[in-house]
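To keep things clear, I will list the structure first and then write my remarks on it.
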Amino acid sequence: MPLLLLSLDDTLLDRAGAFRAWATDFLGRVGAPAYDLDWLLSVDADGMGSTWDVAEAIKERYGLREAAIDLVEEIRGELMGRVRLDPLTACALAIAEDAGWVPVVVTNGETRQQEEKLRKTGLDRYLADWIISEDVGVRKPNPRIFAIAAERARMRLGGAWLIGDSPEADIGGAAGVGMRSVWLHRGRRWSEPRYAPTRTADGVIAAIAEVMASR
Ligand SMILES: [Mg+2]
295 MPLLLLSLDD TLLDRAGAFR AWATDFLGRV GAPAYDLDWL LSVDADGMGS TWDVAEAIKE
355 RYGLREAAID LVEEIRGELM GRVRLDPLTA CALAIAEDAG WVPVVVTNGE TRQQEEKLRK
415 TGLDRYLADW IISEDVGVRK PNPRIFAIAA ERARMRLGGA WLIGDSPEAD IGGAAGVGMR
475 SVWLHRGRRW SEPRYAPTRT ADGVIAAIAE VMASR
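Structural data, given as C-alpha cells:
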C-alpha cells in the first residue's frame, strides 16, 4: 500500500479561485478599478504570507478606517465560505483509495483554519489523515514533515508520491526526501534548475491518474 501525499490549497481545493472571487467583489465595493485585482492577487501570493499583511496593505491602499482584524476575519470567512470540493476530485481520491493508495494531506498553514476547510468541504472523508504545519511545528519543504506524515499513516516514504502546486514547498520537499512528485503547473513554467517534478499535470485529477498509472 503506497502513500499518496497531497497539498491542500490549490491542489485539492481551489483557494486561488475563492480568493479571486472575494477580491473581485471587494474591489467593486470599495470602488477600486478592476486592474487592482492583479495587485491584490500579488499581495496575497496564494496565501503564502500572513492574512494580516494582506489586510494592512488593503487598508493603506484604500484608506480604510476599519480595524485590520475585521478585514482579516472577512478574508478568512469569505475564503472558507467560497471554497468547494469538486465532486470529481472526491471521486478521483475514492478511486485511488480503492486501488490501495493511502491519501494524506500535508499542508502549510494554521491548524484551525485548515481543519475547518477540510471538514466544511467534506474532504476529510476522503483522506486517511492530514498533517498541518502549525500542529507539527515544521513546514514543507522540511523533510521532517513528510517523515511525520509517513509515521502517522504507519507507512514508509519509499514508494510514496507527492502531488502539489508549490515548486519549493511541494516539489522541492519531495526531491529532498527522494520522493516522486507531480507538479500542478497552473499555467506556470518550471524554472527551478536544482530539482524537477517526476511529472507535470494541469489538475489534481490528471495528477492522481498519473500516479495510479505509475504502478
Ligand atoms: Mg498548495
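Numbering-wise, my numbering puts 493 at position 199 of the sequence shown, and it's gapless, one number per residue. Beta carbons: idealized from backbone N, C-alpha and C, even for Gly.
Asked, Found
"Classification of Ser547 by the beta-carbon crowding that lies within 10 angstroms, buried from 16 upward", "The chain is shown only over 295 to 509; residue 547 falls outside these bounds and no answer can be derived."
"Phe440 versus Ala501 - alpha carbon distance", "19 angstroms"
"Closest Cα partner of Asp364 within the set Val377, Glu350, Arg376", "Glu350"
"Cβ neighbour criterion (16 or more within 10 Å) applied to Ala510", "For residue 510 there is no data in the structure shown, the boundaries of the chain being 295 and 509."
"Nonlocal neighbours in the same chain, by C-beta distance under 7 angstroms from Glu410, ignoring five residues either side", "Met374"
"Where Ser460 sits in the DSSP three-state scheme", "coil"
"Segments of 4+ residues assigned as alpha helix (DSSP H) that fall wholly inside the segment 317 to 370", "330 to 338, 345 to 356"
"Three-state secondary structure assigned by DSSP to Ala447", "coil"
"Cβ neighbours of Gly394 in the same chain (closer than 6 angstroms, five flanking residues each side left out)", "Met295"
"Touching by the beta-carbon criterion (3+ pairs, under 8 angstroms), the segment 465 to 475 and the segment 353 to 371", "no"
"Pro461 versus Asp496 - alpha carbon distance", "14 angstroms"
"The segment 481 to 499 in contact with the segment 334 to 342 per 3-pair CB rule at 8 angstroms", "no"
"Every unbroken alpha helix (DSSP H) inside the segment 464 to 499 [4 residues or more]", "467 to 470"
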